[in-house]
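S.K.:
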Amino acid sequence: MEQNQEYETISMPRIGDAAPEFKAVTTQGDINFPADYKGSWVILFSHPADFTPVCTSEFMTFASMEDKFNEANCKLVGLSIDGLYSHIAWLRTIKEKIEYKGMKNIEVTFPLIEDISMNVAKKYGMIQPNEDTTKAVRAVFFIDPKGIIRTMIYYPLSLGRNFDELYRVIIALQAADEFDVATPADWRPGDDVIVGPAGSCGTAQDRMQDDDIDCKDWFFCTKKLDKDMVLNRILKNKLVAEV
Ligand code: BEZ
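Structural data, given as structure tokens:
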């Protein structure tokens with residue numbers, strides 16, 4: 000792939016940064032981001048363009064999982080580098096004509112940002128010129144109720160996202176906050192969690208002797224965290240379901 004070195008330098012947001020602010024027109028009216036979402040988790044995600052097949056499959060999947068994300072106090076906000084009328088036409092076409100993997104008649108009720116100027120996409124590092132100069136890559140920002148970016152995942156244009164993973168991330172981030180733990184590789188609710196690193200020799204020693212904590216060595220300690228307890232705390236509006 001030929002490299003484009005002529006592009007302007009744009010700073011990328013980082014994990015731990017306040018989510019860059021913007022006002023935008025969306026398919027659900029105007030939004031003031033992230034202020035309008037204070038108190039909720041938000042997934043802000045970008046798509047290369049309207050009326051493209053991978054994006055359509057992703058939009059349908061996200062829309063069909065929206066209730067599940069909302070139950071975890073997480074709202075969805077999409078963006079693609081197209082105008083409002085194109086967005087409306089695309090979403091109408093999806094609802095009226097597209098059937099994919101058993102999903103049909105899918106109505107997208109979360110906002111899709113109009114960003115033909117690429118102002119928002121540039122603020123979030125969604126334009127990555129050596130991938131494409133005018134289409135956003137598939138970026139996903141997980142933003143917490145205080146407006147802080149907690150996780151970012153970027154995919155290229157050709158790769159559709161794994162939505163089970165996006166859901167796992169939102170649950171794992173909240174579990175880590177709620178229970179002051181870390182989550183190991185491939186963690187899902189019900190799996191053991193990691194107890195944070197010991198900050199002193201005394202803590203390291205105490206850990207080794209705590210019956211509720213399983214230490215393979217002083218630095219590698221796990222403990223049980225009941226699945227229902229995790230889900231009841233996170234999915235506040237719902238009876239516990241399979242995750
Ligand atoms: C798609 O969503 O299908 C797509 C968009 C841009 C480039 C390649 C695929």
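Counting with numbering that gives the first Met the number 0, you get residues 0 to 242 for the letters of the sequence shown.
Don't be surprised by glycine CBs; every beta carbon is placed ideally from N, CA and C.
#1: One question on the structure: do M64 and Y166 come within less than 9 Å of each other, judged by their Cβ atoms?
#2: Q27: buried (16+ other C-beta within 10 angstroms of its C-beta) or exposed?
#3: Mind checking whether the beta-carbon of K100 lies closer than 8 Å to any heavy atom of the ligand BEZ?
#4: Using DSSP with H/G/I as helix, E/B as strand and the rest coil, what is Y84?
#5: Can the beta-carbon of Y153 be found less than 9 Å from the beta-carbon of G124?
#6: According to DSSP, what are the bridge partners of D213?
#7: Just to confirm my understanding: we take K312, look at its own chain, exclude 5 residues before and 5 after, and list those with CB closer than 8 Å. What are they?
#8: Would DSSP call T92 helix, strand or coil?
#9: With a Cβ-Cβ cutoff of 9 Å, do L77 and V107 count as a contact?
#10: Considering only C-alpha positions, which residue in the set D143, G15, E130 and K67 is nearest to L43?
#11: In chain order, what residues of the same chain have a beta carbon less than 6 Å from the beta carbon of P188, not counting five sequence neighbours either side?
#12: Let me have the residue list for the ligand BEZ: C-beta closer than 5 Å to any non-hydrogen atom, ordered along the chain.
#13: My parser needs the beta strand (DSSP E) runs of 3 or more residues fully inside the region 94-164; what are they?
#14: When the Cα of T246 is compared with those of D210, F109, M207 and N161, which residue comes out closest?
#15: F21: which of D190, I14, K215 and N118 sits nearest, CA to CA?
#16: Which residue's Cα is closest to the Cα of A88: C214, F178 and T51?
#17: Please go through the same chain and pick out, in chain order, the residues whose beta-carbon is closer than 7 Å to the beta-carbon of V168, but skip the five residues on each side of it.
#18: Are the CB atoms of A181 and A175 nearer to each other than 9 Å?
M.R.: By the coordinates alone:
#1: Yes. Within cutoff.
#2: Flag for Q27 reads exposed.
#3: False, no ligand heavy atom lies under 8 Å from that Cβ.
#4: In this structure, Y84 counts as helix in the three-state DSSP scheme.
#5: It is a contact, given that the beta carbons lie within the stated cut-off.
#6: DSSP output for D213 lists T221 as bridge partner(s).
#7: Here the chain has residues from 0 to 242 only, and residue 312 is not among them.
#8: It is helical.
#9: The displayed chain sequence assigns Gly, not Leu, to residue 77. Yes. Within cutoff.
#10: It is D143 whose Cα lies nearest to the Cα of L43.
#11: Excluding residues within five positions, the ones whose Cβ falls inside 6 Å are K226, V229, L230 and V242.
#12: Environment of the ligand BEZ, chain-ordered: P47, T51, P52, V53, C54 and L156, taking every residue with Cβ within less than 5 Å of a heavy atom.
#13: Counting only runs of 3+ residues, the beta strand (DSSP E) found wholly inside the region 94-164 occupies 111-113, 137-142 and 148-154, in chain order.
#14: This structure gives no information on residue 246, because the portion of the chain shown stretches from 0 to 242.
#15: Nearest of D190, I14, K215 and N118 to F21, Cα basis: N118.
#16: Distances from the alpha-carbon of A88 to those of C214, F178 and T51 put T51 closest.
#17: Same-chain partners within the cutoff: F141 and T150.
#18: Yes, these two residues count as a Cβ contact at 9 Å.
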